[in-house]
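Using my numbering, the letters of the sequence shown map in sequence onto residues 12 to 278.
Positions of the beta carbon are idealized from the N, C-alpha and C atoms, including for glycine.
Written below as structure tokens is the structure these notes are about.
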Amino acid sequence: MNDFRFRSDATAGIHPTAIVDPKAKLADDVQVGPWTYIGPNVEIGSGTLIHSHVVIKGPTVIGKNNRIFQFSSVGEDCQDKKYVDELTYLEIGDDNIIRESCTIHRGTHQDEALTRIGHRNLLMAYVHIAHDCRVGNDCVLANNSTMGGHVVIGDGVILGGFTAVHQFCVIGSFSMTAGHTAVYKDMPAFVMASGNPAAAHGMNYEGMRRRGYSKELIQTLRRCYKIIYRQGLRIGEAIEKLESIGTQPELQLLIDSLKASTRGITR
């Protein structure tokens, strides 16, 4: 039969109009919609659903139970003018949702030749992830958010719609931006920012409560924010104070994000 339906029982199906290169490796139950192209050196794990009009090029490895929606371009050559068709890679983990018209490019030899996306992320429509980016787990990248090359996104990050992140910036875990934010410097873990250029406006305390952080831990992190942003300290001085407060893993995550900054932090 030429009739094709995405079925809830995950029965395998490749639409007859789809083009799947013989050198691509698809798990038996992967579903591929009409007019989709999957090139050579692409591997797609079990339970993944590829909607219509998607282009996937390799070398790309996509894990299990992902959903990729129409008009997305995954694993394309990057837009770096220094790129000269060298062998580079894209890795995508499990349980990600990649909505309409997202663009995700492979890496370059200027870095580790690898773009990597973790697990359980939601990429809303028109998200762009440039070459050599690293995206952690459980992130929400809202519509039209854009990452320049070599950007690192931690775990649990929320980028508001139309957020733009400059090349080489690091966005710490569980941080959050408002819509239309332009990030030119690193963002420490847990921090909320908005504006152009981005300015810090507290921490994501509501997110902490949703993750089950205790009142005492939230109060400690609130105190840490004041040390970093309200006491006029240099980063090294702030880190010294933070290290004297306690040993909680969340506090260490914040300290590590400050130590890792090479561009200066969003103020």
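For residue i, which residues from the same chain have a beta carbon less than 7 Å from its beta carbon, with the 5 sequence-adjacent residues on both sides left out?
i, result
"residue 51", "32, 34, 35 and 69"
"residue 267", "none"
Out of the options, state which residue places its alpha-carbon closest to the alpha-carbon of residue i.
i, options, result
"residue 209", "129, 248 and 171", "171"
"residue 198", "274, 104, 235 and 134", "274"
"residue 126", "113, 144 and 139", "144"
"residue 265", "81, 242, 153 and 232", "232"
"residue 271", "203, 184, 206 and 241", "184"
"residue 134", "57, 164, 160 and 120", "164"
"residue 217", "240, 254, 179 and 201", "201"
"residue 186", "98, 276 and 42", "276"
"residue 207", "174, 53, 241 and 112", "174"
Alpha carbon to alpha carbon, how far is residue i from residue j?
i, j, result
"residue 247", "residue 116", "36 Å"
"residue 260", "residue 222", "14 Å"
"residue 151", "residue 96", "31 Å"
"residue 26", "residue 138", "26 Å"
"residue 44", "residue 28", "8 Å"
"residue 182", "residue 63", "32 Å"
Got a sec? Which residues, its chain only, sit under 6 Å from residue i by beta carbon, not counting five neighbours each side?
i, result
"residue 65", "47, 79 and 83"
"residue 20", "Low confidence applies to residue 20: its pLDDT is 35, below 50, so where it sits in the model is not reliable enough to give any reading."
"residue 77", "59 and 107"
"residue 85", "67 and 115"
"residue 219", "229"
Taking 8 Å as the limit between beta carbons, can you name the residues of its chain near residue i, skipping five residues before and five after?
i, result
"residue 12", "For residue 12, the predicted model reports a pLDDT of 34, less than 50, meaning its position is unreliable; a value from the coordinates is still stated below. Cβ within range, chain order: n/a, list empty."
Check the C-beta distance from residue i over to residue j and give it rounded, since I have them as a contact under 8 Å.
i, j, result
"residue 108", "residue 74", "With 8 Å as the limit, residue 108 and residue 74 do not qualify as a contact, their Cβ atoms being about 13 Å apart."
"residue 124", "residue 90", "Residue 124 to residue 90, Cβ: 16 Å. No contact."
"residue 337", "residue 94", "The displayed coordinates of the chain run from 12 to 278. Any statement about residue 337 would go beyond what the structure contains."
"residue 212", "residue 204", "6 Å"
Identify whether residue i lies in helix, strand or coil by the three-state DSSP scheme.
i, result
"residue 184", "coil"
"residue 160", "coil"
"residue 249", "helix"
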